[in-house]
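*Asks:* Mind having a look at this structure? Questions to follow.
Numbering (the working numbering), first residue to last: 244 to 456.
This is the structure:
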C-alpha cells in the first residue's frame, strides 16, 4: 500500500517537532497505522538528508575547535559522568557518531607530533576508523568512553547501523537465491564470481540473461 505524500509530510513534521534521537516510540504513538519498519526508514532518510545538508558546517575547523573546547569544559564540570559529547551532539543536532569522529580527529591532531609546533599533524583516516571501531585504542580513557558511547548509541551512523544494513542485505540476497532456485533459474553468486576471477561481482549473475522481446 502506497503512502500519500501529504501523510508522509505529516510524519516528517512530527519528527522535526520531536527532535530526539529515540523518536520512534513517539512517532509510533502518533501514527499507529504505519509499521515501525516504515517509520524507521523514513527517519533514517530524513537524518541522512539533514546530515548531508549540514555536515560541512559542523566539520568547519572553527566549529570543531569550538565543540572540542566545550567538551573539555564539560569534562571538567562532570569528571565522573560520561555523556559530554552526546550532549553536545544533541545540542547542535548532529549525529553522535559523526561528532565522535570530528572530536577524535581534532584531538589526535592536537596531541600527535610536536606539541610546540603550530602546525597540526595529519591523521590517517585508517587510524581514526580503527579507533572508532575499537575505542580502547584511544590513550585518553575519558575520550575513549565518550567515543564508545556516541558510536554505540547512534542508530544511523554508528557501527550498529552498518551491521543492520549488512544483515538486511544478506537476507535480501538469500531470499533472491531461494526464489531463483524455486523457479529453476540457473545462476552464480558473488562468491563463485570471485573464484572465477571477475572484477565486478554483483550478488547474483544469471547463467542465461533474460531479455525483452
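Heads up, the beta-carbon is just placed ideally off N, CA and C, and yes, glycines get one too. If you're wondering where the values come from, they're calculated on a predicted model, not measured in any experiment.
#1: Taking only the alpha-carbon atoms, compute the straight-line gap between residue 332 and residue 379 and give it to the nearest angstrom.
#2: Apart from the five residues just before and just after residue 258, which ones in its own chain have a Cβ nearer than 8 Å to its Cβ?
#3: By how many angstroms is the C-alpha of residue 254 removed from the C-alpha of residue 262?
#4: Is residue 297 closer than 9 Å to residue 246 when the C-beta atoms are compared?
#5: Over what stretch of residues does the alpha helix (DSSP H) that includes residue 261 continue unbroken?
#6: For residue 440 and residue 355, I'd like the C-alpha separation in whole angstroms.
#7: Please classify residue 272: is it buried, with 16 or more other beta-carbons within 10 angstroms of its beta-carbon, or exposed?
#8: Measuring only the C-alpha atoms, how far is residue 276 from residue 401?
*Replies:* This is what the structure holds:
#1: 21 Å
#2: 266, 270, 285, 286 and 289
#3: 12 Å
#4: no
#5: 248 to 261
#6: 42 Å
#7: exposed
#8: 29 Å
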